[in-house]
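Chemist:
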Amino acid sequence: MQHRISIDHLLCRGCNLCLEVCPKEIFQDSAVIGSGGFRLKQVVSPEKCTGCGLCELCCPGAISLDCLPDEVFATILAGRESRRTQSQSRGGWKEVKSLLQPGRYFMTGNDAIVEAALAVGCRFFSGYPITPANEILEGMARRLKEVGGKFIQAEDEIASIFMVLGASWAGLKALTATAGPGFALMQEGLSLADMAEVPCVVINVQRAGPSTGQATRPAAMDMREARYGSHGGVERIVLYPESVQEVLDLTIEAFNMAERFRTPVILLSDGYLSHLSEKVELSEHIRVYDRIYVPGKPAFGPTPDFSAPSMPRFGDGENVGVTGSTHDRFGKRATADPSVQESLVFHLDRKILEHREELTDCEELFLEDAETAVVAFGTVGRSAKWAVKEARRLGKPVGLLRPRIVYPFPSLRVRELAGAVRKFVVPEMNQGQMFHVVSEKVSREVVSLPQPNGQIIDPRRILRYLIEGVW
Amino acid sequence: MNIRELRKVYLREEKTTFCPGCGYEIFINCFLRAVEKLGKKLDDYTFTAGIGCSAWVPNNYFRADNFHTAHGRAIPAAIGLKSANPDLEVVTIGGDGDIASIGGNHLIHAIRKNVSIAVFCLNNFIYGMTGGQVGPTTPLKSKTSTTTEGNLEEPFDLVRLVLSVGGKHASRYPTSYPHLLVKGVESMLLSPGFRFMEVVSQCPRQYGLRNEIPTASSMLAWQKRHYVSKEKARALNSGKLEGRIVFGNFRSLKEYLGFLPEEE
Chain A
8 MQHRISIDHL LCRGCNLCLE VCPKEIFQDS AVIGSGGFRL KQVVSPEKCT GCGLCELCCP
68 GAISLDCLPD EVFATILAGR ESRRTQSQSR GGWKEVKSLL QPGRYFMTGN DAIVEAALAV
128 GCRFFSGYPI TPANEILEGM ARRLKEVGGK FIQAEDEIAS IFMVLGASWA GLKALTATAG
188 PGFALMQEGL SLADMAEVPC VVINVQRAGP STGQATRPAA MDMREARYGS HGGVERIVLY
248 PESVQEVLDL TIEAFNMAER FRTPVILLSD GYLSHLSEKV ELSEHIRVYD RIYVPGKPAF
308 GPTPDFSAPS MPRFGDGENV GVTGSTHDRF GKRATADPSV QESLVFHLDR KILEHREELT
368 DCEELFLEDA ETAVVAFGTV GRSAKWAVKE ARRLGKPVGL LRPRIVYPFP SLRVRELAGA
428 VRKFVVPEMN QGQMFHVVSE KVSREVVSLP QPNGQIIDPR RILRYLIEGV W
Chain B
-11 MNIRELRKVY LREEKTTFCP GCGYEIFINC FLRAVEKLGK KLDDYTFTAG IGCSAWVPNN
49 YFRADNFHTA HGRAIPAAIG LKSANPDLEV VTIGGDGDIA SIGGNHLIHA IRKNVSIAVF
109 CLNNFIYGMT GGQVGPTTPL KSKTSTTTEG NLEEPFDLVR LVLSVGGKHA SRYPTSYPHL
169 LVKGVESMLL SPGFRFMEVV SQCPRQYGLR NEIPTASSML AWQKRHYVSK EKARALNSGK
229 LEGRIVFGNF RSLKEYLGFL PEEE
């Protein structure tokens, strides 16, 4: 049988492999030099061809051996687009029943995270042992089995976060939990999650550092890292609860936000909250948000209204290309285009910032007529609350602002307050991290009350400062 | 379909950006051919990739679900995908730096966990995209941009590495034998459990030019001198085998060690 061989000179790179691999030496250099600066190849004795196919296997698509009839190939080409398995849109708000019997429970912060995650529909966990987050890993190992989820103990935190990202693209709500040193390892994956818009939740149970520091002691030393730790540094949502009840509620919120904004959400806890046992109330119904998928819609930003783009699952037949490189709305890499890069980065920021109002969630106490505002987060906020109440009882005009959502930072609310109060006070279980954030926003006096000693701040110490001005 | 037609159907772009003579073109062709021979479509598979020239294979060109992760992290992402949805056929395509250097830990643990994924390590002996630095598989005495007087570090034998930590399916195929590579890919896509293939590929631009094998064809000829299939190797006596690397599919360390010169 005579084989039909043709060469598309536009696709030839001049690598000469066809000349080399053909056992019958059918290909030769012609006298013509093409636009690539090399001699164009020609077929000299097609009758010798045995159809072994070595030439085309080595060629970047220029050589064709025995083409199909045009009409046959046209049907094949047309058929390649029609593989979408899901033609229905999905996602949005829904209400689900609590997995546990509704009512009162007595549980630790770490257990509350496990129960909340399962309730909101998390079905994948991957993690690596680290104190003081271990009970989340162990709880997930035990409980995910019971609800048909997947648990993997990974070889390190880097693998954990990347498994979470993989699982998220497979369509599951995914969680990992760690502490300071592990959180540092996860920054690489978190940066990818920012760029590729992968919803996931990361729990960082903060402990006193730097480095191994005091592994079992509470601190709030990753307050800045949670927001700025990754290369690229786009907007992030970071939450920090004060009690086990809030741990439970905010874990549910964290998943809902991750799914709504298609972004990683960091839930900060600390060595105190993680092991604190408290009464929690479980309601019967939980409001849950599932990521939106609309068949055929582009899977990436920028979106015209700064909403999260549609997110298909792998296997939906969308043939989605997910990349951490700069990409267009269809996921195609566009790493040399400054306008694509700029609009993508602004999209990543603005899809969070445009929802700033609903992403402001602060507990406020006596701020109407306060002259001094204590700004405190998480566990410290709880100490500060007692101190502020006591100081008020003693007649001091103090108030409390405790943002449950740390980032996006409630700048508008803080600026508003700056018009009324004389002084901001920022007690922290670190050397003064959020102090800088508050200072940036206001032109009032801001005082840092640092306590990086691995102990929760004694409410009496804050009270003493509020009364006597001594830290 | 011929290869050109397969590329038109399954690649996002007909013209790729690989250097002239790049071995990854041969891998793409062989992969598409294997998928066709199995009666499958490319988008029946989902892909994960790391960073480097190898990652461009699925991410830039394969018309299928694919996840271009960070450098070395293709295997954990694949494990996440596979365990979250066991119906997915997950294929990981990485380079030698990706899989054996920065992602080396992920590789050995994936083998230990025996996750059902197919890992292709496109080994071109060098960090091509970043300019030709020494890698974990760069042969001894090879010149690279960071070993200008020759590499002094013993390279990894990836097949041996995989088998020695309990791999049950470890194969090695050079791009100079495309038909055998197609068979190897078919077996990779069909087998259960963790599967590994080292695709010995040529990088004429970064590796060849520095090491006096400056063209794709001379690199393939070099491969043919240095690599011998396990079927042929059985027929050769050990003297002739010396210095040559055996390729094929290996199921156990014992089988593979039979082809290596005895160590003192």
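Those protein sequences? They're chains A and B, same order as listed.
Counting from 8, one number per residue, gives the positions in the first sequence under this note's numbering.
Counting from -11, one number per residue, gives the positions in the second sequence under this note's numbering.
The beta-carbon is built from N, C-alpha and C at its ideal position, and this holds for glycine as well.
As the structure is a computational prediction, the values presented were derived from the model and not from experiment.
1) Should A:M170 be flagged as near chain B, meaning a C-beta pair shorter than 9 Å?
2) What residues from chain A crowd round B:H214, counting only those whose CB sits closer than 7 Å?
3) Compute the Euclidean distance between the alpha carbons of A:T330 and A:G338, then round it to the nearest angstrom.
4) Between the C-alpha atoms of A:R336 and A:P311, what's the straight-line distance to the nearest angstrom?
5) For B:Y(-2), decide whether its Cβ has a neighbour in chain A, counting only Cβ atoms nearer than 9 Å.
6) Ends of the beta strand (DSSP E) at A:G21?
7) Considering only DSSP beta bridges, list what B:R160 is partnered with.
8) Which residues in the same chain as A:F416 place their Cβ atom closer than 8 Å to its Cβ, once the five residues preceding and following it in sequence are excluded?
9) What residues of chain B sit near A:C74, judged by a beta carbon separation below 8 Å?
10) Please return the same chain residues whose Cβ sits closer than 7 Å to the Cβ of B:G181, not counting the five positions on each side in sequence.
11) Is the region 233 to 244 of chain A touching the region 185 to 202 of chain A in the sense that three or more CB pairs, one from each, lie closer than 8 Å?
12) Are any of the Cβ atoms in chain B nearer than 9 Å to that of A:L64?
13) Below 6 Å CB to CB, which residues in the same chain sit around A:S332 once its five sequence neighbours on both sides are set aside?
14) Kindly indicate which three-state DSSP category A:Q348 falls into: helix, strand or coil?
15) Determine the chain B residues that contact A:D163 at a beta-carbon separation under 8 Å, and present them in chain order.
16) Apart from the five residues on each side of it in sequence, which residues of its chain come closer than 8 Å, Cβ to Cβ, to B:H59?
17) Give me the chain A residues within the contact set of B:L248, using Cβ-Cβ distance strictly less than 7 Å, ordered along the chain.
18) Output, in chain order, the set of chain B residues within a Cβ distance shorter than 7 Å of A:S71.
19) Could you spell out the range, first to last residue, of the alpha helix (DSSP H) harbouring A:M264?
20) Using three-state DSSP, classify A:A343 as helix, strand or coil.
21) Would you list the residues sitting across from B:L208 in a DSSP beta bridge?
22) On a CA-only basis, which of B:M(-11), B:L151, B:L197 is nearest A:V79? Give me that one, please.
23) What in chain A is Cβ-close to B:T34, meaning under 8 Å?
24) With distances taken between CB atoms, is the gap from A:V205 to A:N117 smaller than 9 Å?
25) From A:L3 to A:M318, what does the alpha carbon distance come to, in whole angstroms?
26) When the Cα of B:I63 is compared with those of B:S133, B:N73, B:H94, which residue comes out closest?
27) For A:P316, return the contacting residues in chain B, with the cut-off set at a CB-CB distance below 9 Å.
28) Residues in the same chain with beta-carbon distance under 6 Å from A:V171, minus the five sequence neighbours each way, listed in chain order, please.
29) How about the region 101 to 118 of chain A and the region 279 to 293 of chain A: do they share at least three Cβ pairs that are nearer than 8 Å?
30) If you count every other CB in all the chains shown that lies within 10 Å of the CB of A:S13, and 16 or more means buried, which is it?
31) What residues from chain B crowd round A:K157, counting only those whose CB sits closer than 8 Å?
32) Going by alpha carbons, who is nearest to B:K29 out of A:G86, A:Q221, A:G58, A:I259?
33) Taking A:V453 and A:V433 to be in contact with their CB atoms under 8 Å, please state how far apart those CB atoms are, rounded to whole angstroms.
34) Tell me the residue span of the alpha helix (DSSP H) that contains A:F132.
35) Compare the Cα-Cα distances from A:E371 to each of A:M436, A:G388, A:W100 and report the closest residue.
36) A:G110 bridges to which residues according to DSSP?
Modeler: Let me lay it out:
1) yes
2) Result: empty, since nearest Cβ-Cβ is about 16 Å, beyond 7 Å.
3) 7 Å
4) 11 Å
5) yes
6) That residue, A:G21, is in no beta strand (DSSP E); it is neither H nor E in DSSP.
7) B:E186, B:G236
8) P410, V444, K448
9) N(-10), R(-8), E(-7)
10) N102, S104, K156, H157
11) yes
12) yes
13) R340, T342
14) helix
15) N93
16) G38, I39, G40, G85, D86, I90, G91
17) The premise fails here: B:L248 is roughly 28 Å from chain A at the closest Cβ pair, so nothing lies under 7 Å.
18) N(-10), R(-8)
19) 251 to 268
20) coil
21) Per DSSP, none; premise fails for B:L208.
22) B:M(-11)
23) F321, G322
24) no
25) Missing from the structure shown is residue 3 of chain A; chain A here goes from 8 to 478 and no further.
26) B:H94
27) Correct list: empty, because the minimum Cβ distance to chain B is about 16 Å.
28) S133, A181, T183, C207
29) yes
30) exposed
31) S71, A72
32) A:G86
33) 7 Å
34) Segment 129 to 134 is the beta strand (DSSP E) holding A:F132; no alpha helix (DSSP H) there.
35) A:G388
36) A:L289
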